[in-house]
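Asks: Got a structure for you, questions after.
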Amino acid sequence: MALLETEALVKEFGGLVATDDVDLTVEEGERVSIIGPNGAGKSTLINLITRRLNPTSGDIRFKGESITRMDPHEVVQRGVSKSFQTASIFPDLTVRENAEIAALAAEHGSFSFNFLRHRESLTDVHQLTEETLDAVGLLRQADVPASDLPYGDKRRLEIGIALAAEPDLLLMDEPTAGMSPEETKSTVDLIEEVKRELGLTFVLVEHDMEIVFSISDRIVVLNRGRVIAEGTPDEIRGNEEVQEAYLGGVEL
Ligand SMILES: Nc1ncnc2c1ncn2[C@@H]1O[C@H](COP(=O)(O)OP(=O)(O)OP(=O)(O)O)[C@@H](O)[C@H]1O
Ligand SMILES: [Mg+2]
Numbered sequence: 014m015a016l017l018e019t020e021a022l023v024k025e026f027g028g029l030v031a032t033d034d035v036d037l038t039v040e041e042g043e044r045v046s047i048i049g050p051n052g053a054g055k056s057t058l059i060n061l062i063t064r065r066l067n068p069t070s071g072d073i074r075f076k077g078e079s080i081t082r083m084d085p086h087e088v089v090q091r092g093v094s095k096s097f098q099t100a101s102i103f104p105d106l107t108v109r110e111n112a113e114i115a116a117l118a119a120e121h122g123s124f125s126f127n128f129l130r131h132r133e134s135l136t137d138v139h140q141l142t143e144e145t146l147d148a149v150g151l152l153r154q155a156d157v158p159a160s161d162l163p164y165g166d167k168r169r170l171e172i173g174i175a176l177a178a179e180p181d182l183l184l185m186d187e188p189t190a191g192m193s194p195e196e197t198k199s200t201v202d203l204i205e206e207v208k209r210e211l212g213l214t215f216v217l218v219e220h221d222m223e224i225v226f227s228i229s230d231r232i233v234v235l236n237r238g239r240v241i242a243e244g245t246p247d248e249i250r251g252n253e254e255v256q257e258a259y260l261g262g263v264e265l
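Numbering (the numbering used here), first residue to last: 14 to 265.
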């Protein structure tokens with residue numbers, strides 16, 4: 014059984030079909046990138062999966078269960094986490110407090126679904142907090158107010174907050190947008206690390222093709238809401254239709 018499956022998923026905004034009959038399958042442990050030109054419907058697809066948007070029709074299944082009509086927080090509780098929502102950071106709290114809240118929320122959210130995930134005590138929460146800060150390289154900045162972090166570190170904290178929820182699926186929408194080259198590099202290193210050490214399943218939306226081709230097991234190409242190609246990085250690299258028609262001759 015696939016971890017995530019969308020079936021004939023459609024999202025219309027007025028007369029515009031932003032998601033057009035999308036069948037997306039993500040297997041456990043798989044790293045999938047979604048690419049496509051501006052307005053192709055990448056963010057819409059992510060927002061349908063997190064239930065921030067209601068689909069017009071179609072079905073979304075996570076671990077075999079339909080999540081199509083669930084509330085966003087129910088989807089989070091089942092193990093879907095989205096990173097890179099700046100709104101997830103509390104600017105006045107310290108970095109550690111932010112991570113702590115995420116760790117506490119994770120405990121609260123998941124205990125009824127997965128016994129093993131239940132953290133029995135505050136000690137466990139503190140431990141998870143420190144591990145999370147360590148994982149995203151923010152231990153030294155733990156006592157700084159989150160608002161004082163440089164932009165790149167803020168985004169790393171967001172990844173930390175998403176990871177503290179111990180998700181089974183991590184969704185990332187343009188994690189390196191607006192970052193300096195160094196910040197981009199450290200974020201990519203972090204995602205690589207997450208991939209290597211945690212073996213986490215993720216779906217990444219990213220414009221930077223170098224990142225996409227180095228990090229993905231499989232690439233799904235969207236255009237005008239439709240999946241026009243999918244395959245391994247090598248298959249997509251060699252796909253002329255993708256190259257010429259849909260990426261405007263960008264070298265892959
Ligand atoms: N809330 C909305 N109301 C109306 N139209 C929307 C809404 N959100 C997105 N759209 C439209 O749906 C289409 C897909 O948008 P979406 O943001 O999913 O594209 P995207 O692939 O993420 O683009 P980008 O690469 O620029 O982030 C676009 O034409 C966009 O204008
Ligand atoms: Mg987008």
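All C-beta atoms, glycine included, are put in the ideal place defined by N, C-alpha and C.
All values derive from a computational prediction rather than experimental measurement.
Given a threshold of 16 other Cβ atoms within 10 Å of its Cβ, counted over all protein chains shown, does G28 qualify as buried or as exposed?
Replies: So G28 counts as exposed.
Asks: Taking only three categories from DSSP, how would you classify I73?
Replies: It is a strand residue.
Asks: Using 7 Å as the cut-off, classify the Cβ of L29 as near or not near the heavy atoms of ligand 1, replying yes or no.
Replies: Yes, the beta carbon of L29 sits closer than 7 Å to at least one heavy atom of ligand 1.
Asks: Please determine, among E171, A53, E113, A155, the residue with the shortest C-alpha to C-alpha distance to Q140.
Replies: Comparing Cα-Cα distances from Q140 to each of E171, A53, E113, A155, the minimum goes to E113.
Asks: Quick test of your reading: T19 and D36, contact by CB under 8 Å. State the CB separation rounded to the nearest angstrom.
Replies: Right, their Cβ atoms sit about 6 Å apart.
Asks: Which residues in the same chain have their Cβ closer than 6 Å to the Cβ of M192, if we skip the five residues on either side of it in sequence?
Replies: So the list reads G165, once near-sequence residues are dropped.
Asks: Regarding D221 and ligand 2, is the C-beta to nearest heavy atom distance less than 7 Å?
Replies: D221: no, Cβ never under 7 Å from ligand 2.
Asks: For D186, is the beta carbon positioned less than 7 Å from some heavy atom of ligand 2?
Replies: D186: yes, Cβ under 7 Å from ligand 2.
Asks: Since V89 and A178 should fall inside the 8 Å C-beta cutoff, what is the C-beta to C-beta distance between them, to a whole number of angstroms?
Replies: Confirmed, about 7 Å.
Asks: Compute the beta-carbon to beta-carbon distance between A21 and K95, rounded to the nearest angstrom, for a pair I have assumed lies under 8 Å.
Replies: Not quite, the Cβ-Cβ distance comes to about 23 Å (not below 8 Å), so this is no contact.
Asks: Please state if the CB of V108 and the CB of V30 are separated by a distance shorter than 8 Å.
Replies: Their beta carbons are not under 8 Å apart, which means V30 does not touch V108 by this criterion.
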